[in-house]
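Everything on this sheet refers to the single structure shown next.
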Amino acid sequence: RGQLTNRKSIHDRPAEIEQRSRFGDLEIDTIVGKNHQQSLVSIVDRKTGYLWLKKCSTRKAEEICQATIRLLEPIKAQLKTITADNGKEFSLHEYTAQELEVDWYFADPYSTWQRGTNEHTNGLIRQYVRKGSDLNDYTDAYIAEITQRLNHRPRKRFGFKSPSQVLFQEHGVALQMLI
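Numbering-wise (full-length UniProt numbering), the sequence shown opens with residue 1 and increments by one.
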């Protein structure tokens, strides 16, 4: 199994990212479908809990890279960092980071707690998309509906406000129009 090249460790991330004090520090992961064929790209903002979700026909780095860029391009100016696990689907991290003008960091191997926001959100996604299911059974419209539901679902962490409400309160209409 190949190694990811030029990876920046999560330990080199600015300390302020841990405090969840700003919008634009993201965590990314993939959720794998039946027989490890298709995947969902799951991206979550650490501060607001806002989710971006996209279905991909493969887990290949090229497709994951392009999906990530398409999802985040509208808010590129607000982005700061992305933190991922060490999956080979993120092997084009340097290109993605350059296109989005962000710093890209990697968690330690087998340390899912270092990306807890994303792992928790993936658990919420699994309430709608069962593990081992064929992602071809889910339309893009359904994936968009899941995203909408989760972004409008109240969270205890936010005093029972939804990620959309937190985003709107923090950043107003301007950013919400882009998303």
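The beta-carbon is built from N, C-alpha and C at its ideal position, and this holds for glycine as well.
I'd like to confirm the pairing. Which residues does DSSP put opposite residue i in its beta bridges?
i, result
"VAL32", "SER39"
"GLU27", "VAL44, THR83"
"TRP113", "Paired residue(s): none; TRP113 is not in a bridge."
"ARG155", "LYS161"
"SER9", "PHE106"
Which whole-angstrom value describes the C-beta separation of residue i and residue j, a residue pair presumed to lie in contact below a C-beta threshold of 8 Å?
i, j, result
"SER39", "GLY33", "6 Å"
"LYS54", "LEU71", "6 Å"
"ASP25", "LYS76", "That belief does not hold up - the Cβ atoms of ASP25 and LYS76 are roughly 14 Å apart, past 8 Å."
"THR30", "GLU89", "5 Å"
Hey, out of the options, whose CA is closest to residue i's CA?
i, options, result
"TYR128", "LYS88, GLN148, TYR110, ARG115", "GLN148"
"ALA84", "GLU94, LYS76, ILE75, GLN165", "GLU94"
"GLU27", "LYS161, LEU167, TYR50", "TYR50"
"ARG155", "HIS36, LEU167, ALA144", "LEU167"
"ASN6", "ARG20, SER91, THR81", "SER91"
"GLN37", "GLY132, GLY159, ALA15, ARG157", "GLY132"
"ASP45", "PHE160, LYS161, ASN151", "ASN151"
"GLU99", "SER164, PRO74, THR117", "PRO74"
"GLN19", "LEU4, THR48, THR30, ASP29", "THR48"
"ALA107", "CYS56, GLU16, ASN86", "ASN86"
"HIS11", "ARG153, GLN165, TYR105, ARG157", "TYR105"
"ASN136", "ARG13, SER57, ALA15", "SER57"
"PRO14", "ASN118, ILE82, GLN169, TYR138", "ILE82"
"ASP103", "PRO163, GLN78, ARG153", "GLN78"
If you follow the beta strand (DSSP E) that residue i is part of, which residue opens it and which one closes it?
i, result
"ASP103", "103-106"
Tell me the residue span of the alpha helix (DSSP H) that contains residue i.
i, result
"LEU51", "From DSSP, LEU51 is part of no alpha helix (DSSP H) but of the beta strand (DSSP E) over 51-56."
"GLU63", "61-72"
"GLN98", "93-100"
| message | Under 8 Å, with one C-beta from each stretch per pair, do the region 61-78 and the region 117-130 reach the 3-pair mark? | response | no
| field | Inter-stretch contact (C-beta, 8 Å, three-pair minimum) for the region 130-143 and the region 94-114 | value | no
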